[in-house]
Amino acid sequence: MKNKMIGLFIAVLFILPASALADGKALFKSKGCSGCHGAMGAKASGMIPQLMGKDVALLQEKLTGYRDGTIKSKGAMLMNNKMVKSLSDEEIVAITTWLAGHQ
Ligand code: HEC
802 MKNKMIGLFI AVLFILPASA LADGKALFKS KGCSGCHGAM GAKASGMIPQ LMGKDVALLQ
862 EKLTGYRDGT IKSKGAMLMN NKMVKSLSDE EIVAITTWLA GHQ
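The following block contains the structure:
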């Protein structure tokens with residue numbers, strides 16, 4: 802499973818040009834993530850963890866886990882699970898590549 806994800810990630814990295822970065826930013830907004838995490842994923846307060854600049858593999862593992870229900874986010878923050886349910890693998894790659902790629 803993990804290898805599959807990494808393989809997919811590498812494949813998508815080669816297929817998608819730099820436009821994935823712009824898509825990631827747009828998706829982060831259109832999917833409502835920025836409402837909690839801030840426009841750049843920079844917000845870190847209370848329960849909200851900073852996302853930008855984090856390891857891309859870690860972000861993908863978390864997002865895929867939240868989406869597939871293998872990771873439960875804590876308590877009231879189950880909200881995050883709901884938000885990520887609609888993300889496709891490609892969208893997760895686009896968002897995490899963008900998040901990991903800026904400071
Ligand atoms: C309602 C507020 C809220 C929204 C909306 C939201 N998140 Fe979160 N997110 C959180 C909170 C709170 C956590 C920490 C959860 C925990 O640790 O249990 C989190 C955790 C994460 C993590 C794991 C970070 C880490 O280092 O552990 C990622 C990745 C993430 N969110 C991405 C997203 C994406 C992508 C979206 C949009 C599809 C999104 N979030 C929408 C509140 C939100």
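Count along the sequence shown starting at 1, add 801, and that's the number in this note's numbering.
Ideal Cβ placement from N, Cα and C applies to all residues, glycine included.
Residue i versus the options, residue with shortest Cα-Cα distance
i      : options                           : result
Gly902 : Gly842, Lys805 and Gly854         : Gly854
Ser831 : Val885, Met848 and Asp890         : Val885
Tyr867 : Asn882, Met806 and Ile807         : Asn882
Lys805 : Thr897, Lys826 and Asp890         : Asp890
Ser887 : Ala827, Met841, Gly842 and Asp869 : Asp869
Ala840 : Glu892, Met848 and Leu852         : Leu852
Thr898 : Gly836, Ser874, Gln904 and Val857 : Val857
Leu900 : Gly836, Gln861 and Gly847         : Gln861
Beta-ladder partner(s) of residue i, from DSSP
i      : result
Ile849 : Ser846
As assigned by DSSP and simplified to three states, the class of residue i
i      : result
Lys886 : coil
Met841 : coil
Lys855 : coil
Close beta carbons around residue i, own chain, < 7 Å, minus the five adjacent residues each side
i      : result
Cys834 : Met884
Neighbourhood of residue i by C-beta, 6 Å cutoff - its chain only, sequence neighbours within 5 removed
i      : result
Leu864 : Val885 and Ile893
Ile905 : Since the first and last residues shown for the chain are 802 and 904, residue 905 lies out of range.
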